[in-house]
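Okay, so here's the structure we're looking at.
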Amino acid sequence: MQDQALIKVEKLHKIYQLGKTQVHALRGIDFEIQPKEYVAIMGPSGSGKSTLMNIIGCLDVPTTGKYYLNGKDVSQLSEDELAQIRNQNIGFVFQTFNLLPRASALHNVELPLIYNGTPSRERRERARIALEKVGLGDRIHHKPNELSGGQRQRVAIARALVNNPNIILADEPTGNLDTVTGEEIMQIFDELNRQGNTIILVTHEFFIAQHAHRIIYLRDGKIEKDEIVQKETEEV
Amino acid sequence: MFFWTQLSEYMRFALEALSANKVRTFLTTLGILIGVTAIIVIFTAIQSINAYVEEEFSGFGSTTLYLSKFPWVITENYWELRNRPEVTLKEYKLIKDRVTSADWISPQLEAMRVVKYKNKSLEGVYVVGCNEQYPFTNNAIVEFGRFFTEMEVHRARPVCVIGQKVQKELFGKEDPLGKRIKINGLPYRVIGILEEKGDFFGFNLDNQVLVPYTAFRGAGFKNRGITIAFRAKDASKIEELEAEIRGEMRRIRKLPPAAPDNFAINQQTMLTDFYKQITGTSYLVVFIIAAISLVVGGIGIMNIMLVSVTERTREIGIRKAVGATRRQIMLHFLAESVTISSLGGIIGIILGVIIASSLLQVIKLDTSVSIFTILVGYGFSTFVGVISGMYPAYKAARLNTIDALRYE
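Protein chains in written order, with my numbering: chain R, 1 to 236; chain X, 237 to 644.
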């Protein structure tokens with residue numbers, strides 16, 4: 001463990017203006033996440049976990065409060081600066097996969113590398129390696145509609161991995177998959193964590209959250225509970 | 237630097253969208269296509285006509301000045317010009333020995349006459365009385381036989397040189413050399429046939445007969461106006477020549493220093509300049525028509541691009557989530573709109589070149605579509621693509637990533 005936390009949030013508040021009503025989605029969140037942690041964020045719908053995920057993923061900024069990523073304050077950066085942070089530091093895995101429908105698996109995985117100017121030969125090679133890592137080395141030229149749901153999510157994981165991000169941020173990654181396939185996907189996350197990747201999992205399903213080593217429970221925009229999952233191989 | 241590694245991605249983005257909606261893409265390009273086709277065809281037509289006119293005018297000899305009563309292009313009050321004295325043969329005789337910078341000088345007594353040979357007759361033949369230097373002042377080339385000599389002019393010999401139309405109409409396959417034709421009843425012996433000159437704005441230049449001016453009798457030429465052609469060998473002497481003609485003519489007519497010239501010195505460039513002035517206006521009209529069709533085409537593209545942005549909202553969200561900046565998103569959509577419009581431009585150029593060249597063949601002008609025209613056409617289409625893609629691209633770049641990701 002290092003002195004510096006990978007993620008440190010302080011007094012995070014997020015207020016949305018919906019017409020004339022104000023929605024107070026986050027009401028003062030504080031926590032730290034260390035490198036190589038495997039954290040699940042849980043909570044019922046409306047608890048603010050999507051909002052929190054968006055802020056951690058640098059898709060959104062807090063109304064007030066601080067967010068330090070790798071020691072750098074990213075809570076008030078511009079949109080383009082956030083885009084670069086996302087590109088360098090964060091790999092997203094979404095419930096709905098969010099793959100480009102007309103692009104091959106390889107091209108989908110290349111995407112983050114395209115936007116940071118990686119030369120085309122290098123990015124093809126890295127994308128291929130990432131696809132092999134998730135067991136899709138033989139399907140790199142398939143398009144999303146030629147792949148099963150589990151395979152699509154593997155492509156999305158490969159895309160999240162390809163730029164060697166600090167954090168892999170998975171938002172209900174098994175939500176659109178059957179239980180067996182969902183379990184397979186979770187195995188991949190477990191393996192990635194064993195290899196040293198920091199994983200943050202947003203879910204409302206307890207048995208999915210059990211894969212993590214630490215669970216942060218949210219309710220009404222606040223942390224209700226922050227506990228270590230009891231397992232034989234403890235990290236934190 | 238980033239731009240080049242991403243270029244293929246921009247093109248891919250554009251082509252993906254276009255190939256997914258082929259019919260829509262084609263319909264969208266139509267406006268640009270028609271605009272560019274119009275530009276190519278009309279520009280080419282104008283350029284060809286210009287080239288044709290230049291060539292026609294070149295028959296006058298670019299280093300020849302024509303002294304006459306009226307200017308060729310009348311910009312002054314016609315009624316004042318009308319009161320000018322005619323340029324006369326007497327003045328020709330005075331001025332020809334005084335103007336030193338002209339290498340050749342010939343008078344031109346012009347009239348329309350009936351020309352007859354045996355029982356055949358040809359009306360409305362352009363008969364010119366001139367001297368032996370006329371071939372040089374007016375680029376007249378004798379193809380068969382010879383031109384008349386200084387001696388023949390001096391002695392007012394009844395000889396003539398005929399144009400090819402006169403030859404064909406009156407003689408057919410018969411050899412005209414040495415034969416006698418009658419101009420207004422007076423006999424002239426044919427000694428030469430001019431090279432074929434073709435039409436000059438519908439006026440047949442081969443329907444003419446040249447005779448020594450001294451032998452051009454019978455129509456009271458003493459009082460009728462003539463034209464005097466002066467030619468300097470060297471184009472650089474043309475200004476000097478003009479000044480000399482003006483000075484000598486004013487002296488002959490004893491014009492006081494303050495009085496304006498009461499004669500005109502004409503030059504081929506006056507016609508071409510005047511012509512260019514007219515075509516300048518038509519260029520402008522063409523430009524406006526083309527601009528309108530391109531604007532309409534541009535609106536069409538903008539419309540479709542807005543649809544495309546909406547359709548690809550989720551894709552934009554994905555691209556932004558993995559790190560695309562606003563500028564990069566903008567470039568994606570600009571690439572798409574420029575690709576659409578360039579496609580229209582390229583098809584328009586091809587179509588325009590085909591139409592223009594077949595048109596040129598029909599009207600028998602042997603010029604071709606210029607590279608400049610093609611570049612203008614292509615440049616316009618690209619420009620329209622950039623302009624009409626700007627707003628949709630900006631809109632795409634401004635989309636909120638989170639909302640875009642959730643867009644269904």
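We treat Cβ as the ideally placed atom computed from N, Cα and C, and that holds for glycine.
Exercise. From Cys366 of chain X to Pro343 of chain X, what does the alpha carbon distance come to, in whole angstroms?
Worked result: 5 Å
Exercise. When burial is assigned at 16 or more other CB atoms within 10 Å of the CB, is Trp240 of chain X buried or exposed?
Worked result: exposed
Exercise. Closer than 8 Å, CB to CB, is Gly559 of chain X near chain R or not?
Worked result: yes
Exercise. How close, in whole Å, do the beta carbons of Gly584 of chain X and Gly613 of chain X come, if the pair is a contact with beta carbons under 8 Å?
Worked result: 6 Å
For this session: Drop a sphere of 10 angstroms on the beta-carbon of Lys20 of chain R, count the other beta-carbons inside from all chains shown, and report buried for 16 or more, exposed for fewer.
Result: exposed
Exercise. Between the segment 530-542 of chain X and the segment 212-220 of chain R, are three or more C-beta pairs nearer than 8 Å?
Worked result: Three or more Cβ pairs closer than 8 Å define a contact, and the segment 530-542 of chain X falls short of that threshold against the segment 212-220 of chain R.
For this session: Can you tell me the Cβ-Cβ gap for Phe380 of chain X and Gly414 of chain X, rounded? I've got them flagged as a contact below 8 Å.
Result: Contact flag wrong, Cβ pair sits at about 11 Å.
Problem set entry | Pair within 8 Å by beta-carbon distance, Lys305 of chain X and Gly483 of chain X | no
For this session: Would you identify the three-state DSSP class for Lys225 of chain R, choosing helix, strand or coil?
Result: In this structure, Lys225 of chain R counts as strand in the three-state DSSP scheme.
For this session: Measuring alpha carbon to alpha carbon, tell me which of X:Thr515, X:Val522 and X:Asp442 ends up nearest Gly271 of chain X.
Result: X:Val522
For this session: State whether the segment 194-202 of chain R contacts the segment 117-127 of chain R, with contact taken as three or more CB pairs (one from each stretch) at a distance under 8 Å.
Result: no
Exercise. For Thr508 of chain X versus Glu252 of chain X, is the C-beta distance shorter than 8 Å?
Worked result: no
Exercise. Would you call the CB atoms of Gly533 of chain X and Val620 of chain X closer than 8 Å?
Worked result: yes
Exercise. Looking at the C-beta of Arg260 of chain X, does it have a partner C-beta in chain R at a distance below 8 Å?
Worked result: no
For this session: Name the two residues that bound the continuous beta strand (DSSP E) containing Ile377 of chain X.
Result: Premise fails: Ile377 of chain X is in no beta strand (DSSP E) and is neither H nor E.
Exercise. Shortest alpha-carbon distance to Lys66 of chain R belongs to which of R:Glu32, R:Gly117 and R:Asn166?
Worked result: R:Glu32
Exercise. In terms of residue numbering, what span does the beta strand (DSSP E) encompassing Asn502 of chain X cover?
Worked result: Ala500 to Gln503
Exercise. Taking Cβ positions only, does Glu79 of chain R come closer than 8 Å to chain X?
Worked result: yes
Exercise. Within this structure, are the beta carbons of Leu422 of chain X and Pro394 of chain X separated by less than 8 Å?
Worked result: Between Leu422 of chain X and Pro394 of chain X, the C-beta spacing is below 8 Å.
Problem set entry | Buried or exposed (CB count within 10 angstroms, at least 16 for buried), Asp57 of chain R | Here residue 57 of chain R is Gly; the residue named in the question, Asp, does not match the sequence. It is buried - the Cβ of Gly57 of chain R has at least 16 other Cβ atoms within 10 Å.
Exercise. Nearest chain X C-beta to Arg154 of chain R closer than 8 Å, yes or no?
Worked result: no
Problem set entry | Counted within 10 angstroms of its Cβ, other Cβ atoms place Glu547 of chain X as buried (16 or more) or exposed | exposed
Problem set entry | Outcome for Gln503 of chain X when other beta-carbon atoms lying within 10 angstroms are tallied against a minimum of 16 | buried
Problem set entry | CB-CB length for Ala287 of chain X against Ala571 of chain X, believed under 8 Å | In fact, because the Cβ distance is near 39 Å, the residues do not count as touching under 8 Å.
Exercise. Does Thr264 of chain X get closer than 8 Å to chain R when you measure Cβ to Cβ?
Worked result: no
Exercise. Does any CB atom of chain X fall closer than 8 Å to the CB of Pro112 of chain R?
Worked result: yes
Problem set entry | Which residues DSSP lists as bridging Gln22 of chain R, in chain order | For Gln22 of chain R, which the question treats as bridged, DSSP gives the partners R:Gln17.
Exercise. What in chain R is Cβ-close to Lys556 of chain X, meaning under 7 Å?
Worked result: Ala83
Problem set entry | C-beta contact flag for Leu361 of chain X and Gln444 of chain X at 8 Å | Position check: residue 361 of chain X holds Val in this sequence, whereas Leu was assumed. Yes, the Cβ-Cβ distance between Val361 of chain X and Gln444 of chain X is below 8 Å.
For this session: Tell me where the beta strand (DSSP E) around Pro423 of chain X begins and ends.
Result: Leu422 to Leu430
Exercise. Are Ala640 of chain X and Val545 of chain X close, meaning C-beta to C-beta below 8 Å?
Worked result: no
Exercise. Taking the C-alpha atoms as reference points, what is the distance between Gln230 of chain R and Asp190 of chain R?
Worked result: 15 Å
For this session: Give a yes or no on whether the minimum CB-CB distance between Asn176 of chain R and chain X is below 8 Å.
Result: no
Exercise. Rounded to a whole number of angstroms, what is the C-alpha to C-alpha distance between Glu644 of chain X and Ile599 of chain X?
Worked result: Glu644 of chain X and Ile599 of chain X have their C-alpha atoms spaced approximately 58 Å apart.
For this session: Reducing DSSP to helix, strand and coil, say where Tyr630 of chain X ends up.
Result: helix
Exercise. Going by Cα to Cα distance, which pick from X:Ile535, X:Asp470 and X:Leu441 is closest to Phe293 of chain X?
Worked result: X:Leu441
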